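*Asks:* Have a look at this one before I ask anything.
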Amino acid sequence: MQNIRNFCIIAHIDHGKSTLADRLLEFTKTITSRDMQAQVLDDMDLEREKGITIKSHAIQMDYELNGTKYTLNLIDTPGHVDFSYEVSRALAACEGALLLVDASQGIQAQTISNLYLALDNDLEIIPVINKIDMDGAMIPEVTDQIVELIGCKPEEILLASGKSGIGIEEILAAVIARIPAPKGDPAAPLQAVIFDSVFNSFRGIIAYFRVFNGTLRKNDKIRFIHTDAEYNADEIGVMKLALTPKQEVSVGNVGYIITGIKTARDVKVGDTITTIANPTTDIVRGFQEVKPMVFAGIFPVETDDFEDLRDCMEKLQLNDASLTYEPETSQALGFGFRCGFLGMLHMEIIQERLEREFNQTVITTVPNVSFFAYKTKDKLKRLTVNNPTEMPDPSSIDRIEEPFIRAQIITLPDYIGNIMSLCLGKRGVLINQNYLTPTRVELIFDLPLTEIVFDFYDRLKSCTRGYASFDYTPLDYRESDICKMDILLNGEPLDALSALIHRSRANDFGRKLCNKLKDLLPKQQFVIAIQAAIGAKIVARETISAMRKDVTAKCYGGDISRKRKLLEKQKEGKKRMRQFGNVEVPQEAFLAVLKLDE
Numbered sequence: 001m002q003n004i005r006n007f008c009i010i011a012h013i014d015h016g017k018s019t020l021a022d023r024l025l026e027f028t029k030t031i032t033s034r035d036m037q038a039q040v041l042d043d044m045d046l047e048r049e050k051g052i053t054i055k056s057h058a059i060q061m062d063y064e065l066n067g068t069k070y071t072l073n074l075i076d077t078p079g080h081v082d083f084s085y086e087v088s089r090a091l092a093a094c095e096g097a098l099l100l101v102d103a104s105q106g107i108q109a110q111t112i113s114n115l116y117l118a119l120d121n122d123l124e125i126i127p128v129i130n131k132i133d134m135d136g137a138m139i140p141e142v143t144d145q146i147v148e149l150i151g152c153k154p155e156e157i158l159l160a161s162g163k164s165g166i167g168i169e170e171i172l173a174a175v176i177a178r179i180p181a182p183k184g185d186p187a188a189p190l191q192a193v194i195f196d197s198v199f200n201s202f203r204g205i206i207a208y209f210r211v212f213n214g215t216l217r218k219n220d221k222i223r224f225i226h227t228d229a230e231y232n233a234d235e236i237g238v239m240k241l242a243l244t245p246k247q248e249v250s251v252g253n254v255g256y257i258i259t260g261i262k263t264a265r266d267v268k269v270g271d272t273i274t275t276i277a278n279p280t281t282d283i284v285r286g287f288q289e290v291k292p293m294v295f296a297g298i299f300p301v302e303t304d305d306f307e308d309l310r311d312c313m314e315k316l317q318l319n320d321a322s323l324t325y326e327p328e329t330s331q332a333l334g335f336g337f338r339c340g341f342l343g344m345l346h347m348e349i350i351q352e353r354l355e356r357e358f359n360q361t362v363i364t365t366v367p368n369v370s371f372f373a374y375k376t377k378d379k380l381k382r383l384t385v386n387n388p389t390e391m392p393d394p395s396s397i398d399r400i401e402e403p404f405i406r407a408q409i410i411t412l413p414d415y416i417g418n419i420m421s422l423c424l425g426k427r428g429v430l431i432n433q434n435y436l437t438p439t440r441v442e443l444i445f446d447l448p449l450t451e452i453v454f455d456f457y458d459r460l461k462s463c464t465r466g467y468a469s470f471d472y473t474p475l476d477y478r479e480s481d482i483c484k485m486d487i488l489l490n491g492e493p494l495d496a497l498s499a500l501i502h503r504s505r506a507n508d509f510g511r512k513l514c515n516k517l518k519d520l521l522p523k524q525q526f527v528i529a530i531q532a533a534i535g536a537k538i539v540a541r542e543t544i545s546a547m548r549k550d551v552t553a554k555c556y557g558g559d560i561s562r563k564r565k566l567l568e569k570q571k572e573g574k575k576r577m578r579q580f581g582n583v584e585v586p587q588e589a590f591l592a593v594l595k596l597d598e
């Protein structure tokens, strides 16, 4: 156990975590040069296409230093703020972390956020300045920033380049020297925590765990404490580049277990595994419950596919513990699920994964956040509104509270004006402005979560030319003037496009949405009125004119009354058609709402 080291790599998005992991695997000969490729641990097509890590990936490396063989368990973590739950789970399975900072960009918002997560878990931090061979590398400035942030000595900071392999040997030596060996008693009852799981269609559910006490052996009878389910450990082992079976996984190590479980509900991330023969009385502290930030409905295109979608959601939740969902029904879209996501990128990734991995084409409704409503009769009773359809009658509402976040933006001083106008336009309040260095400024805002759901991150990047980093933490709920806006097609409300929105933005949002729908809805044989309404008040309207069929084409010559008779008949038919006709809403209309500002 003295020769085991468990560590992970944490950094802001795009600071080179996956590239450094590639070099570590190459240097320790865990992977052959024949199998080597960029982002080798990122096994999802989506991760390669977007160039980001979505899932944490664990792998075991063997390394010899001064004649002693060491086992190094590495976890490569995501950098985007939407996947911070993945990072927090990876940190709970480690004793140390490599804090990576890009030499050309310096410390960014997510660097600080991930550092605090690591310090909360009492991890040993090894600071590394990466990409030192780039033309724009500012090594002295970044060294000063790190010293100021974590209070270490400048000589403790390692210099490396993941791309060219500089400093890899020093990093491995520092991991062995500075990160403490795991603690635990190999003779104690088994105590292992599940930190991730994945569904394999041939073998069932594969759970990844970290052993804190005891030893897990093949064919042991085991019990999952949280779900109280008992199984046989059919196969256990460690994660090399492929799963490598072993006879036992001892204390301090990270491994996988296959028990032939087929139902996703039987495995919960954060659950403790113990043996039936010698059970533990202590449950390892699991992970904090995930708090979704953005809610949206996900519906199958065909209502008959609802049960298939349910199975897919269960399997996806296994692999992505930050996804929450519950069944819901919609008048326009039928049966589906109300899902909670950590952000808009997370929502986009889930939708993509459903289509690629499970072949499920889905419709996503307008994303919104959850509000608290208080009624006039019982002012102390709080109703949680996750969905526009759950909104009580406006006449019975005393007040509505919306969630606020504390946003931390780090940027260059040149872009302070642009960021101020963006955040103040989004109903933000400036809390603090702090110069980290003469060329880096930190702005702290309190912002309503509703305002950053749609396009805030994209607009922040464009108004700062990509030189701003953004991170946020949930704050509290504050009273606000929120109203429900309905979209009506010929007087019929379309509940899938309803939105909860601040009254000051409702008119503008309604006009944009009606305009977009006018372009997307196909013409019918009758006039279609598209209206945005707040209660009984119509705030925007667009009209799609009817498709015109020339009924007088067959009349040549003759009396005008004949033509008039045909036109009157057509008019009557259109009137009747408008009463009974249905307007088919294409899927693009639901997706268009997400891209209103483009």
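Numbering follows full-length UniProt numbering, with no gaps: position 175 of the sequence shown is 175.
In this text, a Cβ means the ideal position worked out from N, Cα and C, and glycines have one as well.
Please read all numbers here as calculations on a predicted model, not as lab measurements.
Give a yes or no on contact between the region 410-426 and the region 460-468, applying the rule of three or more CB pairs nearer than 8 angstroms.
*Replies:* In short, these stretches touch, since the Cβ pair count reaches three.
*Asks:* With C-beta atoms as the reference, is residue 59 less than 8 angstroms away from residue 239?
*Replies:* yes
*Asks:* Let's test the definition: count the other Cβ atoms within 10 Å of the Cβ of residue 538 and tell me whether it reaches 16, buried, or not, exposed.
*Replies:* With fewer than 16 other CB atoms across the displayed protein chains lying within 10 angstroms of its CB, residue 538 is exposed.
*Asks:* From this set, 210, 565, 528 and 224, which residue's C-alpha is nearest residue 491's C-alpha?
*Replies:* 528
*Asks:* Would DSSP call residue 450 helix, strand or coil?
*Replies:* Three-state DSSP puts residue 450 in a helix.
*Asks:* Can you list, in chain order, the residues of its chain whose CB lies under 6 angstroms from that of residue 113, leaving out five sequence neighbours each side?
*Replies:* 471
*Asks:* Please report the distance separating the alpha-carbon of residue 265 from that of residue 314.
*Replies:* 8 angstroms
*Asks:* List the DSSP bridge partners of residue 531.
*Replies:* 488 and 541
*Asks:* Spatial neighbours of residue 397 within its chain, please: CB distance less than 6 angstroms, with the 5 preceding and 5 following residues excluded, ordered by chain position.
*Replies:* For residue 397, where only same-chain residues beyond five positions count, the Cβ hits under 6 angstroms are 373.
*Asks:* Starting from the Cα of residue 496, find the closest Cα among 421, 298, 317 and 536 and give me that residue.
*Replies:* 298
*Asks:* What is the DSSP secondary structure of residue 203, reduced to helix, strand or coil?
*Replies:* coil
*Asks:* Buried or exposed: which applies to residue 433, given that a residue is buried once 16 or more other Cβ atoms fall within 10 Å of its Cβ?
*Replies:* exposed
*Asks:* Given a cut-off of 8 angstroms on the beta-carbon distance, is the pair residue 295 and residue 197 in contact?
*Replies:* no
*Asks:* Have a look at 106, 148 and 91 and flag the residue whose alpha-carbon is nearest the alpha-carbon of residue 608.
*Replies:* Look at the range of the chain in this structure, 1 to 598, and you will see that residue 608 is not part of it.
*Asks:* Among 53, 435 and 27, whose alpha-carbon lies nearest the alpha-carbon of residue 87?
*Replies:* Looking at the Cα atoms, 53 is the closest of the given residues.
*Asks:* Should residue 395 go down as buried or exposed, given a rule of 16 or more other Cβ atoms within 10 Å for buried?
*Replies:* exposed
*Asks:* If contacts are defined as beta-carbon pairs under 8 angstroms, then residue 77 and residue 10 qualify, I think. What distance do you get, rounded to the angstrom?
*Replies:* 6 angstroms
*Asks:* How close, in whole Å, do the beta carbons of residue 530 and residue 541 come, if the pair is a contact with beta carbons under 8 angstroms?
*Replies:* With 8 angstroms as the limit, residue 530 and residue 541 qualify as a contact, their Cβ atoms being about 7 angstroms apart.
*Asks:* Is the number of C-beta pairs between the region 249-258 and the region 204-211 that are closer than 8 angstroms three or more?
*Replies:* These segments touch.
*Asks:* Looking at residue 189 and residue 604, is the spacing between their C-beta atoms short of 8 angstroms?
*Replies:* Residue 604 falls outside the range modelled here, since the chain spans only 1 to 598, and no answer is possible.
*Asks:* Can you tell me which of the three DSSP states residue 581 falls into?
*Replies:* Its pLDDT being 49, under 50, residue 581 is placed unreliably by the model, and the measurement read from it follows with that caveat. Three-state DSSP puts residue 581 in coil, outside helix and strand.
*Asks:* Of the choices 75, 29, 80 and 226, whose alpha-carbon is the least far from that of residue 51?
*Replies:* 80
*Asks:* Taking 7 angstroms as the limit between beta carbons, can you name the residues of its chain near residue 510, skipping five residues before and five after?
*Replies:* 485, 532, 539 and 540
*Asks:* Using C-beta distances below 8 angstroms, list every residue in its chain close to residue 329, excluding the 5 sequence neighbours before and after it, in chain order.
*Replies:* Scanning its chain for C-beta atoms nearer than 8 angstroms, with the 5 sequence neighbours on each side dropped, one finds around residue 329 the residues 335 and 336, in chain order.
*Asks:* Figure out for me which residue from 442, 563, 525 and 75 has the closest Cα to the Cα of residue 545.
*Replies:* The shortest CA-to-CA distance from residue 545 to any of 442, 563, 525 and 75 is the one to 525.
*Asks:* Tell me whether residue 113 sits in a helix, a strand or coil according to DSSP, three-state version.
*Replies:* helix
*Asks:* Apart from the five residues on each side of it in sequence, which residues of its chain come closer than 6 angstroms, Cβ to Cβ, to residue 547?
*Replies:* 523 and 525
*Asks:* Have a look at residue 20 and residue 5 and give me their C-alpha separation to the nearest angstrom.
*Replies:* Taking the straight line from one Cα to the other gives about 17 angstroms.
*Asks:* Quick one: is residue 260 buried, meaning 16 or more other Cβ sit within 10 Å of its Cβ, or exposed?
*Replies:* exposed
*Asks:* How many angstroms separate the CA atom of residue 119 from the CA atom of residue 7?
*Replies:* The C-alpha of residue 119 lies about 13 angstroms from the C-alpha of residue 7.
*Asks:* Out of curiosity, what's the CA-to-CA distance linking residue 340 and residue 83?
*Replies:* 13 angstroms
*Asks:* Which residue comes first and which comes last in the beta strand (DSSP E) that contains residue 60?
*Replies:* Per DSSP, the continuous beta strand (DSSP E) segment holding residue 60 begins and ends at 57-65.
*Asks:* Just the Cα atoms here: how many angstroms apart are residue 417 and residue 13?
*Replies:* 25 angstroms
*Asks:* With distances taken Cα to Cα, identify the nearest neighbour of residue 300 among 383, 351, 254 and 375.
*Replies:* 351
*Asks:* Quick check: the Cα distance between residue 274 and residue 262, rounded to an integer number of angstroms?
*Replies:* 20 angstroms
*Asks:* Less than 8 angstroms separating the beta-carbons of residue 179 and residue 96?
*Replies:* yes
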